[in-house]
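Contents: one structure, followed by commentary.
Protein chains: 2
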Amino acid sequence: MKRYNAYLIDLDGTMYRGNERIEAAGEFVDKLASKDIPYLFLTNNSSKTPEQISEKLEQMDIKSSPEHVFTSSMATAKYIRKQKEGARCFVIGEEGLHHAIRREGLRISDQDCDFVVVGIDHDINYEKLSIACIAVRNGASFISTNSDVAIPTERGLEPGNGALTSAITVSTGTDPIFIGKPEEIITEQALTALGSSKADTLMVGDNYHTDILAGMNAGLDTLMVFTGVTPFADYPDLAKKPTYYVKNLYEWMEKM
Amino acid sequence: MKRYNAYLIDLDGTMYRGNERIEAAGEFVDKLASKDIPYLFLTNNSSKTPEQISEKLEQMDIKSSPEHVFTSSMATAKYIRKQKEGARCFVIGEEGLHHAIRREGLRISDQDCDFVVVGIDHDINYEKLSIACIAVRNGASFISTNSDVAIPTERGLEPGNGALTSAITVSTGTDPIFIGKPEEIITEQALTALGSSKADTLMVGDNYHTDILAGMNAGLDTLMVFTGVTPFADYPDLAKKPTYYVKNLYEWMEKM
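Protein chains in written order, with the working numbering: chain A, 1 to 256; chain B, 1001 to 1256.
Shown next as structure tokens:
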């Protein structure tokens, strides 16, 4: 079996479920560290800063630092900066997105915007949607951190960022550019941040439609784990299979 | 030319634009009244009560009473009542929708709902969308007053109810039943309220995609006016033409 020199690792469903660490997560990351194999946690969560996410991992005894975290908000801000340095952005989103936009030297404004940027926002309201719709109709580029339509919570599946984004899409008739998994944009940027090549890097995740497709879309080998969203029962029906699959990461550690 | 014994008349773009009366609107309605021809104002506006809308018309010197107004909220509430008397409804919407739901003896609740009902709501928030998504996933029937995606305002096109509704559609993968124009549901109900037959009733409106199609979908003759949304320049390209068209209602009054 091929040895990989770098790993991109999903978080929710792969390292933890909600606030509960998934079996083997800590040991798996320790093994990467002990072998000096570089890794990045790759998450569609746009609401948190890398510092906040790293703190959560540390609290679960999963080895991490902010430099090990790459979010859809970071990928979004880097993508916009590449289009236009210092661009004016109208932002719907939470702390992680605002933080990432500012860190890339972009300006946040609700007037004369170059970009409308949408991430999950639990304080969404009609005024924010209105400003976004009018700006998109006036020619602002329409960017969304990720297309996830639902978020699992204790009381059920709440609307995800893809659902909020659709209000603007439907009103304006303009499709956004999505940045997060399964798009290759976030994967390509993570590889750049990691300084590794496609051929040497393995994408690890539980969600076929985001994690595994993100790896495939960018041309990476993929490892699917069955500790999260996609059940093993779905495996036989997957049109394009991941490169590898394991029940959990203990199985993979034996092969590393 | 055929004489019609009853009229269904659109409001915005046909009787007024914003707060400004459209030429001939008052005289046209006076003529209907003087000839004892029954009429109903048929509007996709779900936010106002018939009393509020009638008052606005009276202030513009357009003859009206609450009994002359039929809103998408009224049609929605009547539709639900027909499915289930006293049904429990989770309501996203403004005064007009809450008012209509209660007037039909339905119950408003955020738990164990039979129906999720969505109308334009300038106080939309994440919690409302969450409750709606979870209820729809739990089996509640999903109803939306109308599918309009944009609302013209002084600063531009703001999101309409169809845009807000899409957040729930996309998150749950469930399509709503739309009630308002261009659906035939609202037209059929208005005919019942008016006590007139399809053959004897004329649908009058400015918006081809809502008013005129609503008439066509229900099998009514239609009169298109060019005082609102659809410009005359679009007329040659309309696949299915309205029965009649006039520049404004003065022209029609000469033929009545």
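Don't be surprised by glycine CBs; every beta carbon is placed ideally from N, CA and C. Since this is a predicted model, take the numbers as computed values, not measurements.
Within 10 angstroms of its Cβ, does residue i collect 16 or more other Cβ (buried), or is it exposed?
i, result
"Asn19/A", "exposed"
"His1122/B", "exposed"
"Lys1181/B", "buried"
"Tyr79/A", "buried"
"Pro231/A", "exposed"
"Gly1086/B", "exposed"
"Lys1048/B", "buried"
"Gly1195/B", "exposed"
"Ser148/A", "This sequence places Asp at residue 148/A; Ser is not what is there. With 16 or more Cβ atoms within 10 Å of its Cβ, Asp148/A is classed as buried."
"Asp211/A", "buried"
"Glu183/A", "buried"
Would you kindly work out how many angstroms separate the C-alpha atoms of residue i and residue j, rounded to a whole number?
i, j, result
"Leu106/A", "Phe1115/B", "44 Å"
"Lys1002/B", "Glu1127/B", "52 Å"
"Lys1174/B", "Gln189/A", "Per the sequence shown, the amino acid found at residue 1174/B is Thr instead of Lys. The straight-line gap from Cα to Cα measures roughly 34 Å."
"Trp1252/B", "Ala1075/B", "28 Å"
"Leu1223/B", "Gly219/A", "57 Å"
"Ala1199/B", "Tyr1007/B", "11 Å"
"Ala1140/B", "Glu1051/B", "30 Å"
"Gly96/A", "Ile1124/B", "23 Å"
"Ile1062/B", "Arg1021/B", "8 Å"
"Tyr1039/B", "Thr1192/B", "12 Å"
"Gly215/A", "Ile9/A", "11 Å"
"Leu11/A", "Ile151/A", "14 Å"
"Ala132/A", "Ser1046/B", "23 Å"
"Tyr244/A", "Glu254/A", "14 Å"
Say whether chain A places a C-beta atom closer than 8 Å to the C-beta of residue i.
i, result
"His1209/B", "no"
"Cys1133/B", "yes"
"Gly1180/B", "no"
"Arg1003/B", "no"
"Gly1096/B", "no"
"Ser1166/B", "yes"
"Tyr1126/B", "yes"
"Leu1129/B", "yes"
"Ser1171/B", "yes"
"Arg1137/B", "yes"
"Gly1093/B", "no"
"Ala1163/B", "yes"
If you measure between the beta carbons of residue i and residue j, is that distance less than 8 Å?
i, j, result
"Asp77/A", "Cys113/A", "The amino acid occupying residue 77/A in the given sequence is Ala; Asp does not appear at that position. It is not a contact, given that the beta carbons lie outside the stated cut-off."
"Asp1311/B", "Thr1014/B", "Outside the modelled stretch of chain B, which goes from 1001 to 1256, sits residue 1311/B, for which no answer is possible."
"Ser72/A", "Ser54/A", "no"
"Gly1119/B", "Glu1094/B", "yes"
"Thr1187/B", "Tyr1004/B", "no"
"Gly228/A", "Ser1171/B", "no"
"Ser144/A", "Phe178/A", "yes"
"Tyr208/A", "Asp237/A", "no"
"Phe1157/B", "Ala167/A", "Sequence check: residue 1157/B is Leu here, not Phe. No, these two residues do not count as a Cβ contact at 8 Å."
"Ala1024/B", "Leu1249/B", "yes"
"His99/A", "Val91/A", "no"
"Val1069/B", "Phe1028/B", "no"
"Asn1146/B", "Gly1162/B", "yes"
The alpha helix (DSSP H) that contains residue i, what's its start and end?
i, result
"Val1170/B", "Asn1161 to Thr1172"
"Phe226/A", "Where Phe226/A is concerned, there is no enclosing alpha helix (DSSP H), given that its DSSP letter is neither H nor E."
"Tyr1250/B", "Leu1249 to Met1253"
"Val1029/B", "Ala1025 to Ser1034"
"Leu1213/B", "Leu1213 to Ala1218"
What residue does the beta strand (DSSP E) around residue i start on, and which one ends it?
i, result
"Ile1143/B", "Ser1141 to Ser1144"
"Leu202/A", "Thr201 to Gly205"
"Pro50/A", "That residue, Pro50/A, is in no beta strand (DSSP E); its alpha helix (DSSP H) goes Pro50 to Gln59."
"Leu1040/B", "Tyr1039 to Thr1043"
"Ala1233/B", "Where Ala1233/B is concerned, there is no enclosing beta strand (DSSP E), given that its DSSP letter is neither H nor E."
"Arg1088/B", "Arg1088 to Ile1092"
"Ile179/A", "That residue, Ile179/A, is in no beta strand (DSSP E); it is neither H nor E in DSSP."
"Thr71/A", "Val69 to Thr71"
"Ile1124/B", "Where Ile1124/B is concerned, there is no enclosing beta strand (DSSP E), given that its DSSP letter is neither H nor E."
"Ile1101/B", "Taken as a continuous stretch (DSSP letters only), Ile1101/B belongs to no beta strand (DSSP E), being part of the alpha helix (DSSP H) at Glu1095 to Arg1103."
"Pro152/A", "Ala150 to Thr153"
"Leu1008/B", "Ala1006 to Ile1009"
"Tyr245/A", "Tyr244 to Val246"
Counting contacts by CB-CB distance shorter than 8 Å, is residue i in contact with chain B?
i, result
"His122/A", "yes"
"Ser65/A", "no"
"Val229/A", "no"
"Leu105/A", "The residue asked about is misnamed: residue 105/A is Gly in this sequence, not Leu. Judged by the 8 Å Cβ criterion, Gly105/A is not in contact with chain B."
"Val116/A", "no"
"Gly156/A", "yes"
"Pro257/A", "Within the shown structure, residues of chain A are numbered from 1 to 256, placing residue 257/A beyond reach of any answer."
"Gly119/A", "no"
"Pro159/A", "yes"
"Val246/A", "no"
Consider the C-beta atom of residue i and the heavy atoms of the ligand GTP; say whether any pair is separated by less than 7 Å.
i, result
"Ile22/A", "As far as ligands go, the structure on display features none, and thus does not contain the ligand GTP."
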